[in-house]
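Residue numbers in the sequence shown follow UniProt numbering, run continuously in steps of one, and reach 493 at the last position. Below is one structure, written out as structure tokens; comments come after it.
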Amino acid sequence: MTDVNNNNRVGTDFDTLTPENVELELQKLKLIDSNYDSDEDERDRIKLTGKGLDFRALKAGQDIEFEYDPDKEEDNYNWDDEIDKIDYKKVYDLKNPEVIMDQDDDGASKTPFEILRAKMEDVSPLKDGGVLKRTLIPGSGLPITPGSRARIHYNAYFEMNDEPFDSTHLRNKSFEFKLGNGEVVRGLDIAVSTMKRHEKSQFIFEPEYYCGKFGCEPRVPKETPVLFEIEVISFVEANAFDNYEASSDEQRGKMSLDQILKICNCLRELGNDNYKRLNFREASKKYRKAIYLLDNTCVTNDDEEKKWIGVMLKLYLNMSQVCLKRAKPKKTIYYCKLVLDLEAQNAKAIYRYGKSLRMLQDFDRARKFLLRAYKLAPTSKEIADEITQLDQDVAKYKNLEKNFYAKMFKNEDKIGENELNLKEVHSLDRNKEIIVEKLNEFKNNDKMKIYKVQMDMFSLDILNFIIKKAEELNLCIRQIKGETNIMQIMKRE
């Protein structure tokens with residue numbers, strides 16, 4: 001390999017490489033991926049001329065010639081696949097008749113965009129008509145402030161073509177950007193800065209506010225105005241957080257509690273936006289970052305403590321909800337405990353604590369927490385539904401447990417002779433006795449190497465008892481990857 005800093009060489013002499021071994025040596029230099037399976041036809045079409053590739057000539061800036069044989073060129077792109085991806089129904093639904101001429105109006109003297117311009121107001125900073133706006137559905141609140149992270153849907157049209165040439169709807173994905181940060185074309189930045197939450201408006205961008213005088217051919221022809229229909233889904237004022245990220249440790253250390261709380265609320269709103277989009281992992285990251293900031297912030301008086309608690313409660317509750325959505329009941333309980341440490345009678349935290357216990361099959365404790373939550377919020381349908389779900393789960397697991405003992409805890413070698421009588425299974429103590437008997441039988445049976453237990457057929461108490469007794473009998477417990485519901489009991493070698 002070549003040391004870029006001191007030009008010392010190690011290994012192969014790369015001064016002259018032949019076409020036959022150049023690909024192998026480039027792989028060694030990590031210049032191309034060794035896993036890349038180059039097309040044989042491509043190798044046939046492009047060839048090095050002369051004796052080989054001279055690295056000294058390449059380093060000196062001299063040209064290297066390749067021969068290209070167009071006769072061997074083939075169009076290997078599968079256009080059928082691309083056509084299959086087009087949602088023609090959605091394209092049809094997004095057609096905009098306002099951008100085409102009315103075929104029935106023979107005397108029409110104005111173009112579609114000229115007609116639309118007459119209905120619009122000039123919102124360009126220079127009032128030069130570069131960005132015109134017409135509100136279709138009014139929004140709520142104040143216009144989006146510069147520095148906010150805006151999430152929008154849009155359709156973009158050329159005049160005389162009713163099908164969108166660009167659309168977030170066709171991509172089934174909204175577009176997100178930071179307003180006033182130069183991340184998008186000037187017209188879009190100006191347009192969105194005039195909008196409010198949930199507003200839907202039309203805009204015409206003149207070429208200098210979109211792709212410029214020369215356009216972006218072949219996609220956008222030169223000197224072509226465009227119509228954008230934009231809908232604001234949400235936005236978050238992120239200036240406080242962005243300023244914090246750009247600040248030094250010394251500057252952060254001098255921030256007041258109010259400044260930190262503003263940053264944490266910004267992070268919480270970003271998390272909420274991700275949560276609404278079902279992006280629970282990103283939401284969790286934002287909440288945890290805010291919690292970390294508050295955890296490392298000191299308060300100096302009672303008023304500051306009240307503010308601190310108010311924001312922290314929201315963050316803990318949001319984290320508990322995200323953990324529930326991600327099916328992480330133990331983490332949910334962790335954050336619920338943190339809420340209850342700050343506010344002992346918080347109905348949401350108590351409810352989520354109980355729901356998590358049900359998910360962990362700790363039914364008795366789950367009932368206590370859910371009834372406690374119901375007492376605090378007797379009109380909550382969510383809590384009432386969860387209590388109903390708990391009753392159903394208890395009935396289901398009792399039935400499964402009985403069936404499991406009937407089918408699994410019996411002597412496999414003498415089926416029918418020593419089969420367990422269901423009438424004997426009348427108490428938890430008796431069940432535990434049977435478990436101990438069967439584990440001992442397994443340990444002493446040389447023919448049996450593995451004993452599988454289907455975990456969803458047992459309550460948490462019984463599973464813990466099985467694990468404890470297996471360890472006492474010097475048996476191994478393990479779970480196989482991909483079999484999350486099966487527990488294997490094995491003998492030690």
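Think of the CB as a built atom: it goes at the ideal place given N, C-alpha and C, for glycine as much as any other residue.
Using C-beta distances below 8 angstroms, list every residue in its chain close to V394, excluding the 5 sequence neighbours before and after it, in chain order.
Cβ neighbours of V394 within its own chain (closer than 8 angstroms, five residues either side excluded): F363.
Check whether the Cβ atoms of E199 and P125 sit closer than 8 angstroms, and answer yes or no.
Using a Cβ distance threshold of 8 angstroms, E199 and P125 do not count as a contacting pair.
For T145, which of helix, strand or coil comes out of DSSP?
T145 carries a coil assignment under DSSP once its states are collapsed to helix, strand and coil.
If we count Cβ pairs, one from each stretch, closer than 8 angstroms, do we get three or more for the region 257 to 274 versus the region 296 to 306?
Because the criterion of three Cβ pairs below 8 angstroms is met, the region 257 to 274 and the region 296 to 306 touch.
Comparing C-alpha positions only, which one of A191, G130 and I204 sits nearest to P112?
Per the Cα distances, I204.
If you draw a straight line from the C-alpha of K289 to the C-alpha of L267, how long is it?
Approximately 8 angstroms, taken between the alpha carbons.
Cβ neighbour criterion (16 or more within 10 Å) applied to T379
It counts as exposed.
Per DSSP, what are the beta-bridge partners of C216 in this structure?
Paired residue(s): V220.
Return the residue from the list I100, Y316, K110 and D385 that minimises the CA-CA distance to G271.
Per the Cα distances, Y316.
Would you mind listing the alpha helix (DSSP H) stretches within the region 255 to 335 that are 4+ residues and don't spill past its ends, in chain order?
Correct list: 257 to 276, 280 to 295 and 302 to 325.
Rounded separation between A283 and Y335 - CA only:
Going by the C-alpha atoms only, they are around 15 angstroms apart.
Test item: CB-CB of residue 513 and V99 under 8 angstroms
In the structure as shown, the chain begins at 1 and stops at 493. Residue 513 is therefore absent and cannot be evaluated.
Cα separation between S356 and R326?
One Cα belongs to S356, the other to R326, and the distance between them is close to 12 angstroms.
What residue range does the alpha helix (DSSP H) around F363 cover?
Per DSSP, the unbroken alpha helix (DSSP H) holding F363 starts and ends at F363 to L376.
If you measure between the beta carbons of G141 and D242, is that distance less than 8 angstroms?
Result no, Cβ atoms of G141 and D242 do not sit closer than 8 angstroms.
Assigned secondary structure, T135 (DSSP; H/G/I helix, E/B strand, else coil)
If DSSP states are grouped into helix, strand and coil, T135 belongs with the strands.
Please report the distance separating the alpha-carbon of I152 from that of E176.
Distance from the CA atom of I152 to the CA atom of E176, rounded to whole angstroms, is 6 angstroms.
Neighbourhood of K432 by C-beta distance below 7 angstroms, restricted to the same chain and skipping five residues each side:
Closer than 7 angstroms at Cβ, skipping near neighbours: F465.
Express the C-alpha separation of D93 and K368 in angstroms, rounding to a whole number.
In a straight line, the C-alpha of K368 is about 52 angstroms away from that of D93.
Going by alpha carbons, who is nearest to S234 out of A246, I144, G310 and C216?
S234 has its Cα closest to that of I144, out of A246, I144, G310 and C216.
Quick check for students: name the residue ranges of the beta strand (DSSP E) that lie wholly in the UniProt domain "PPIase FKBP-type" (147 to 236), counting only runs of 3 or more.
Runs of the beta strand (DSSP E) lying entirely within the UniProt domain "PPIase FKBP-type" (147 to 236), each at least 3 residues long, are 149 to 158, 175 to 178, 200 to 205 and 226 to 236 in chain order.
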